[in-house]
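Read the structure below first, then the notes.
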């Protein structure tokens, strides 16, 4: 009898402890670590969340920019943080690309995090300078690249960026070779693309659209799985016949591995509520992002699948950022 009573009391204590974790949390400020500089799309996401989550959680939400090493410095900080729900990471799919690009990483971008929620999707457009006369469509680009391997050029904001790996995926799928010209950021790359010194580039919609509308760039494919409302005549990569994969960028929130499930669930619920607010959608859309929430499990599946996909691209292309 005493044994049964002890077991019952132990079970009740465990249940009580589990049930009260979410009730006691949060009781202090929450930090959203952005592993990039202020003003980036990821920073905008974090600012929107930090402005609206306090009303739902009852505690301040602080944004801290910890930039450097393609997001690795800030990401590692969160991976090593106490898993109590008070230090979170706002990241883009560069996180999982880095898993294969940086052989010296001291953390695992997949295994060391607890996915909380997807926040949005961003689309890349394949654009060209209109003066590239004989390669103004995807198929013409492929034909020209096959005829003279390495002659056509493409720009990126740097080695291992989504822009770079998206073009690597396209070239691997078409058996083509173009000359990669990496820049230290988007601005210089766009300047040379507009000036005709570069032939092609994958660019986020909100960056490319103004130049397309001004006739200074031509969009020849969208990296999304469907056509864009702003550019209904521009085919997807799949429609252009070069790859069945889209190259959309996902953005989301992650916590350190081991963060209590009920804390993750509460964060997920409140983030989803914020993403439904019209002013948030408007803000995201100004940066070419579409709000999208998910369950933690759905986001976890996406993270793992994307890590495996880009690992294959990196391996086949022998790409390294070390």
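Numbering (this note's numbering), first residue to last: 205 to 526.
Idealized CB from N, CA, C, for every residue including glycine.
With respect to the 7 Å criterion, residue 267 and residue 251 are classified as neighbours on the basis of their beta carbons.
With a beta-carbon spacing of about 5 Å, residue 503 and residue 322 fall inside the 8 Å limit used to define contacts. Around residue 474, the same chain offers 257, 260, 261 as residues with beta carbons nearer than 7 Å, after the five sequence neighbours per side are excluded. Judged by DSSP secondary structure, residue 378 falls outside any beta strand (DSSP E) and instead within the alpha helix (DSSP H) spanning 366-378. Taking C-alpha positions only, residue 459 is separated from residue 518 by approximately 26 Å. Take residue 400, set aside five residues on each side of it, and the residues of its chain with a beta-carbon closer than 8 Å to its own are 333, 335, in chain order. Fewer than three pairs of CB atoms, one per stretch, sit closer than 8 Å, so the segment 349-369 makes no contact with the segment 461-481.
For residue 269, DSSP records a beta bridge to 238. Put simply, of 378, 364, 491, 471 the residue whose alpha carbon is nearest the alpha carbon of residue 413 is 491. Beyond the five residues adjoining it in sequence on each side, residue 300 comes within less than 7 Å, by CB distance, of 313, 314, 507, 510, 511, 514 in the same chain, given in chain order. As the crow flies, the alpha-carbon of residue 378 is around 31 Å from that of residue 246. In this structure, residue 237 sits near residue 270, with a CB-CB distance shorter than 7 Å. Distance between residue 291 and residue 349, taken at the CA atoms: about 47 Å.
Put simply, the backbone Cα of residue 396 is about 12 Å away from that of residue 420. Contact between residue 371 and residue 406 holds: CB atoms are separated by about 6 Å, below the 8 Å threshold. Counting only the Cα atoms, residue 303 lies some 30 Å from residue 443.
Burial check for residue 501: the Cβ neighbour count within 10 Å stays below 16, so the residue is exposed. Assignment of residue 382 by DSSP, reduced to helix, strand and coil, places it in the coil class. According to DSSP, residue pairing for residue 422 in a beta bridge involves 332.
Membership of residue 407 in the beta strand (DSSP E) is indicated by the continuous run 404-408. Each of 362, 388, 347, 390 was checked against the Cα of residue 375, and the nearest Cα belongs to 347. At least 7 Å separates the beta-carbon of residue 485 from that of residue 363. Runs of the alpha helix (DSSP H) lying entirely within the segment 273-328 and spanning at least 4 residues, in chain order: 276-283, 298-305.
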